[in-house]
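The opening residue of the sequence shown carries number 52 in the numbering used here; numbering runs sequentially from there. Even glycine gets a Cβ: it sits at the ideal position worked out from N, Cα and C. Only one structure is covered here, and it is reproduced in the block below.
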Amino acid sequence: MPISNYIIFCLTLFTIGIIGVLVRRNAIIVFMCIELMLNAVNLLLVAFSKMHNGVAYLSDKSSIVGAEAQVFVFFIMVVAAAEVSVGLAIIVMMYRNTHSVDINFLNRLKN
């Protein structure tokens with residue numbers, strides 16, 4: 052499968068995530084869109100890693116070029132999971148205090 056298909060697919064996913072963050076007001080949907088953007092970047096990173104690993108494998112059978120990106124994706128996923136747990140805890144506390152998960156309602160919390 053050519054790399055251009057991965058680029059188009061990841062660009063589409065990332066664009067959907069950006070539109071979701073900019074348009075939606077629900078905090079949970081905004082977090083889901085942020086996760087969608089992170090996963091689009093992770094998928095593209097793995098696709099490029101696999102492409103470079105295949106090219107390096109043709110020249111040297113013992114080469115592990117490109118495997119570092121897949122390890123990097125694993126660490127991004129771990130950080131994203133921690134971000135979601137902290138973000139959901141903040142949303143739950145916001146809902147307990149304001150009985151709403153609307154992001155625009157957060158301006159009232161400044162006073």
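If distances are taken between C-alpha atoms only, which option among 125, 83, 133, 104 comes closest to residue 64? Ranking 125, 83, 133, 104 by CA distance to the CA of residue 64 puts 83 first.
Residue 75 versus residue 61 - alpha carbon distance: Note on geometry: alpha-carbon atoms of residue 75 and residue 61 lie some 21 Å from one another.
Count the other C-beta atoms from every protein chain shown that fall within 10 angstroms of the C-beta of residue 89, then say buried if there are 16 or more, exposed otherwise. Classification of residue 89: buried, given that the 10 Å Cβ count is 16 or more.
On a Cα-Cα basis, can you pick out the residue from 150, 97, 138, 147 that is closest to residue 126? For residue 126, the nearest C-alpha among the options comes from 97.
Sort 152, 143, 87, 119 by Cα distance to residue 131 and report the nearest one. Its Cα nearest to that of residue 131, the residue 87 stands out among 152, 143, 87, 119.
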